[in-house]
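S.K.: Right, I'll just put the structure down here and ask away after.
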Amino acid sequence: MLKKYFFALFLSLIAVLLYATVEVFFLAQTTPENHKQFSVIESPERQLAKIDKKHPLLDIYILAKSDPTKASLSLSSWQENKPSPEFIEQIYSQKIARRIAIYSFDDDLKKQAEQKLASLANQHHTKWLKAWLLHIEAKSKIRQNNLDDAMALISKALDIAEQDNIEFLLYDFYLTAGVIFNAANQLSKAQQAFIQGLAIANKRDDYYLKSLYNNNLGLLYVHLEQWQNALSHLDKAEALLEKRKTQDLNFFIIILFNQSFAHTQARQHQLAWQKHQSAIQLLEQGGDDYTRIVSLKNLTRLYFAEKEFTKAAETAKQCISHTSIDKYKKQHAICAFEQAKALFQLKHIDKAEQSLLISIEMFKEIKHERFLTKSLLLNAQLKEFTGDTDKAFKLYKQYYSNERAFLFEDLRLLGNAIQLQKVTQERDLLSSQNTLALLTKQVDDQKVKMLWLWLIAIAFAMTWIIWHFYKMKEDNQRLYQLSYKDPLTKASNRRHYQQELDTPRILNSQLHYRLVVVDLDHFKKVNDLYGHDKGDKVLKATAQVLMSKIDNDELFVRWGGEEFLMVLKERDHFDAYMNSLVDMVASHPIDIGDKQINVTASLGCSNPATITELKSSDSAFKLADNCLYQAKRNGRNRAVMPL
455 MLKKYFFALF LSLIAVLLYA TVEVFFLAQT TPENHKQFSV IESPERQLAK
505 IDKKHPLLDI YILAKSDPTK ASLSLSSWQE NKPSPEFIEQ IYSQKIARRI
555 AIYSFDDDLK KQAEQKLASL ANQHHTKWLK AWLLHIEAKS KIRQNNLDDA
605 MALISKALDI AEQDNIEFLL YDFYLTAGVI FNAANQLSKA QQAFIQGLAI
655 ANKRDDYYLK SLYNNNLGLL YVHLEQWQNA LSHLDKAEAL LEKRKTQDLN
705 FFIIILFNQS FAHTQARQHQ LAWQKHQSAI QLLEQGGDDY TRIVSLKNLT
755 RLYFAEKEFT KAAETAKQCI SHTSIDKYKK QHAICAFEQA KALFQLKHID
805 KAEQSLLISI EMFKEIKHER FLTKSLLLNA QLKEFTGDTD KAFKLYKQYY
855 SNERAFLFED LRLLGNAIQL QKVTQERDLL SSQNTLALLT KQVDDQKVKM
905 LWLWLIAIAF AMTWIIWHFY KMKEDNQRLY QLSYKDPLTK ASNRRHYQQE
955 LDTPRILNSQ LHYRLVVVDL DHFKKVNDLY GHDKGDKVLK ATAQVLMSKI
1005 DNDELFVRWG GEEFLMVLKE RDHFDAYMNS LVDMVASHPI DIGDKQINVT
1055 ASLGCSNPAT ITELKSSDSA FKLADNCLYQ AKRNGRNRAV MPL
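Each position in the sequence shown, counted from 1, maps to that position plus 454 in my numbering.
In structure tokens, the structure reads:
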């Protein structure tokens, strides 16, 4: 089966490589006839600067954020002195009016400005302005958590901007598109948008813009649990923002918290705490409610990583109780999920299930598929702990099925990275004003780069696929262990026993077996006297002693509580063998931490029976159980054989 997978993958990669080779070497020839020069649409700011290098509207636009009242007076004064403004001045005046409305919290004035801008765009068929209006409408839909409409709007805006290569819009559009696709869990599209936007940001040499894109790429790799890639981009985001003269305090804090989380997941706890403390120091200088909520979420994760589960649960509770938490559903859901994880570790099962249910409902509402999948795993662990193994098994299966789906999504991301390089370079060529000779040299260089990129991608993809194949095998083995093994004692569970009766893999269908029921004497007193954690150590140690006597074609089962079931082959002097088991348990001291104790066990045995007989009737088990009770009535610490 493995060979078939590799053969299919090999053919697919060869086909893609041939297609890329043909396109680069034969279809993408650059000639004077087919080299189409695209007209570059200038930004409104550049158009205003052509009218007046120190145009007043540029300063008023900046003033609108810090002092909207003063900006409004300045705009009115300028309009009175310019009764016949040029078209770009009309547009920019309304953009300023909208900006003033935003920072004055006047929704009606904001809508009026947007309506006037839409009217100007339609009257003069100004495509860039139409695209810009679609973009701000998409951002509005994001705030309403309406991702479907937001995707549709940003796609229309991008179509217009990409068609005419409007770079002053594209760098902002790609950022918004990436955020939308990331929130909708369409990670390949998010990656495409961020990489294309970053290419424009690098060309503009805008530190803040490059920092934004690197932060968002870092978050994307956080979703993919590729921590080193995430840290690489987040570190770049921090370094770029530090170069900027005026820093956005809240954004800088968020970058630090993102770095802290990635370090935590990479098990670099000291670095994680350093980044967290740096963020807290900045938070004390200011910071909004969102950054304070994120700080509590990150602190919860730090405590959990260091196994301080009580602190983690308490901090998650503070996060959930924050006065502004209802504004940020994703953060609310994550804090509830982290609280459930901590409560589960503290064995507060009911509270953990309540917190998990709250988080699941919110993740469903915001359509966060990756966290819903993580919730499946935690839910399965909770069900397994409470003994609902059937439900736990179904949840584990669903979890691993979803994980495989994400695996294929990650595969698509590998191919996208290379394709995006090509898309970005083609845009650069189309917007270039260089001579034909320079263009030809660029294409020749690109041919070599393309070939190397594909060869590297093939080698990387093959290695990556092999690694994930074996990882999935390990996951399946772990699922088997979770389904058929008792997590405390590592003995088989009832499900495994029934499976062996139905389809023997360990037991030999040609042999006769006896069922031996084992019960630890006065085990309740052990729990009452030393505590349940010490009782667990007694169970585990006793199970290890008895399992040491089990042959490869025999079975040792934890039946429930302090009761075990041994499926033993018929042998000579079976009664003596039973007594040896009793003596072995009684003579084995058990270390419970601060002292050693001895326990005894009572055993009851059935008559020999075939596997078919054991499956068709429970008479053997009942007989063994009756013998067990006889052993207890006779004084315990003994084995009773059937008459």
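Positions of the beta carbon are idealized from the N, C-alpha and C atoms, including for glycine.
(1) Candidates A767, R1012, Q650 and A644: which alpha carbon is nearest H802's?
(2) Just reading off the beta strand (DSSP E) that V970 is part of, what are its end residues?
(3) Could you compute how far the alpha carbon of K805 sits from the alpha carbon of Q852?
(4) Look at the alpha carbon of Q998 and the alpha carbon of V1011, and state the distance between them as a whole number of angstroms.
(5) Can you give me the C-alpha to C-alpha distance between I919 and W906, rounded to a whole angstrom?
(6) Just the C-alpha distance for A790 and F825, rounded to the nearest angstrom, thanks.
(7) One question on the structure: do A770 and L750 come within less than 9 Å of each other, judged by their Cβ atoms?
(8) Using only CA atoms, which one of G1047, E540, I960 and Y1031 lies nearest to D990?
(9) Flag this pair as yes or no: are the beta carbons of A592 and A567 separated by less than 9 Å?
(10) Using a Cβ-Cβ cutoff of less than 7 Å, which residues in the same chain neighbour V877 once the five nearest sequence positions on both sides are dropped?
(11) Can you tell which of E1017, L641, Q835 and I634 has the C-alpha that lies nearest to the C-alpha of A604?
(12) Would you kindly work out how many angstroms separate the C-alpha atoms of I779 and A796, rounded to a whole number?
(13) Between the alpha carbons of Y1083 and T996, how many angstroms are there, rounded?
(14) By a C-beta neighbour count over all protein chains shown, 10 Å radius and 16 as the cutoff for buried, is H1027 buried or exposed?
(15) State the Cα-Cα distance for the pair L694 and N669, rounded to the nearest angstrom.
(16) Using 8 Å as the Cβ pair cut-off and three pairs as the minimum, do the segment 1031-1049 and the segment 941-961 touch?
(17) Which value, in whole angstroms, describes the spacing of the CA atoms of H730 and N712?
(18) If the criterion is Cβ atoms closer than 9 Å, does the pair Q645 and G632 meet it?
(19) Among residues of its own chain, excluding the 5 on either side of A518, which ones have a beta-carbon nearer than 7 Å to its beta-carbon?
(20) Using 8 Å for Cβ pairs, my map puts F405 next to V980. What's the rounded Cβ distance?
(21) Report yes if the CB atom of V676 is closer than 9 Å to the CB atom of F715, and no otherwise.
(22) If we require 4 or more residues per run, which alpha helix (DSSP H) segments fall completely within the segment 633-667?
(23) Residues in its own chain within less than 6 Å of I620 by CB, not counting five upstream and five downstream?
(24) Where does R1012 sit, in a helix, a strand or coil, going by DSSP?
(25) Can a CB atom of chain D be found closer than 9 Å to the CB of T917?
(26) Nearest-angstrom Cα distance between L1147 and Y967?
(27) Looking at K1086: is its Cβ nearer than 9 Å to the Cβ of S1060?
(28) To which residues does DSSP link A1055 through a beta bridge?
(29) Distance, Cα to Cα, L1097 vs G841?
(30) Enumerate, from N- to C-terminal direction, the unbroken alpha helix (DSSP H) stretches of 4 or more residues contained entirely within the segment 1034-1089.
(31) If I measure Cβ to Cβ from I514 and keep anything under 8 Å in the same chain, skipping five residues before and after, which residues do I get?
(32) Looking at the secondary structure, which residues open and close the beta strand (DSSP E) in which M1020 lies?
M.R.: With the given structure in hand:
(1) Working through the sequence shown from its first residue, we reach residue 802 at position 348. Selected option, being the one with the closest Cα: A767.
(2) On the sequence shown, position 516 is the one that residue 970 refers to. Segment Y967 to L974, the beta strand (DSSP E) holding V970.
(3) Working through the sequence shown from its first residue, we reach residue 805 at position 351. Working through the sequence shown from its first residue, we reach residue 852 at position 398. Looking at the two C-alpha atoms, the distance is approximately 24 Å.
(4) What you label residue 998 is simply residue 544 of the sequence shown in a count that begins at 1. What you label residue 1011 is simply residue 557 of the sequence shown in a count that begins at 1. Spanning the two alpha carbons is a distance of roughly 12 Å.
(5) As a position in the sequence shown, residue 919 is number 465, starting the count at 1. As a position in the sequence shown, residue 906 is number 452, starting the count at 1. Approximately 20 Å between the Cα atoms of the pair.
(6) Taking the first residue of the sequence shown as 1, we reach residue 790 at position 336. Taking the first residue of the sequence shown as 1, we reach residue 825 at position 371. Distance between the alpha carbons of A790 and F825 is about 12 Å.
(7) Along the sequence shown, read from residue 1 onward, the residue named residue 770 stands at position 316. Along the sequence shown, read from residue 1 onward, the residue named residue 750 stands at position 296. Contact flag set, yes.
(8) Counted from its first residue, the sequence shown places residue 990 at position 536. Selected option, being the one with the closest Cα: G1047.
(9) Reading the sequence shown from its first residue, position 138 is the one you call residue 592. Reading the sequence shown from its first residue, position 113 is the one you call residue 567. Their beta carbons are not under 9 Å apart, which means A592 does not touch A567 by this criterion.
(10) Here residue 877 refers to the residue found at position 423 when the sequence shown is read from its first residue. Legend: pLDDT at V877 = 44, less than 50; position of this residue unreliable, value from coordinates given subsequently. Excluding sequence neighbours, V877 sits near Q650.
(11) In the sequence shown, counting from the first residue as 1, residue 604 sits at position 150. Closest option to A604, Cα to Cα, is I634.
(12) Residue 779 sits at position 325 when you count from the first residue of the sequence shown. Residue 796 sits at position 342 when you count from the first residue of the sequence shown. If I take the Cα positions, the gap works out to 20 Å.
(13) Your numbering for residue 1083 matches position 629 in the sequence shown. Your numbering for residue 996 matches position 542 in the sequence shown. When rounded, the distance between both Cα atoms is 20 Å.
(14) Stepping through the sequence shown from its first residue, residue 1027 is reached at position 573. Exposed: under 16 other Cβ atoms inside 10 Å.
(15) Taking the sequence shown and counting its residues from 1, one reaches residue 694 at position 240. Taking the sequence shown and counting its residues from 1, one reaches residue 669 at position 215. Roughly 10 Å separates the two Cα atoms.
(16) no
(17) Working through the sequence shown from its first residue, we reach residue 730 at position 276. Working through the sequence shown from its first residue, we reach residue 712 at position 258. Using only the alpha carbons, I get a separation of about 9 Å.
(18) On the sequence shown, position 191 is the one that residue 645 refers to. On the sequence shown, position 178 is the one that residue 632 refers to. Yes, the Cβ-Cβ distance between Q645 and G632 is below 9 Å.
(19) As a working note, residue 518 is residue 64 in the sequence shown. Correct list, in chain order: A525, I550, R553, I554 and Y557.
(20) What the structure shows of the chain is the stretch from 455 to 1097, and residue 405 is not part of that stretch, so it cannot be assessed.
(21) Indexing the sequence shown from 1 puts residue 676 at position 222. Indexing the sequence shown from 1 puts residue 715 at position 261. Yes. Within cutoff.
(22) 641-658
(23) Against the sequence shown, residue 620 aligns to sequence position 166. In the same chain as I620, and ignoring 5 residues on each side of it, the C-beta atoms closer than 6 Å to its own belong to I495 and W582, in chain order.
(24) Start at 1 with the first residue of the sequence shown, and residue 1012 comes out as number 558. Correct three-state label for R1012: strand.
(25) Within the model displayed, chain D is absent; a lone protein chain is all it includes.
(26) Nothing can be reported for residue 1147, as the shown portion of the chain is limited to 455 through 1097.
(27) Start at 1 with the first residue of the sequence shown, and residue 1086 comes out as number 632. Start at 1 with the first residue of the sequence shown, and residue 1060 comes out as number 606. Taking 9 Å as the Cβ cut-off, K1086 and S1060 do not qualify as a contacting pair.
(28) Numbered from 1 along the sequence shown, position 601 holds the residue referred to as residue 1055. Paired residues: L974.
(29) As a working mapping, residue 1097 is identified with position 643 in the sequence shown. As a working mapping, residue 841 is identified with position 387 in the sequence shown. Looking at the two C-alpha atoms, the distance is approximately 36 Å.
(30) 1065-1070 and 1073-1087
(31) Position 60 of the sequence shown, counting from 1, holds the residue named residue 514. Closer than 8 Å at Cβ, skipping near neighbours: A525, S528, L529, W532 and I550.
(32) One-based indexing of the sequence shown puts residue 1020 at position 566. Looking at the DSSP string, the run of the beta strand (DSSP E) that includes M1020 is E1017 to K1023.
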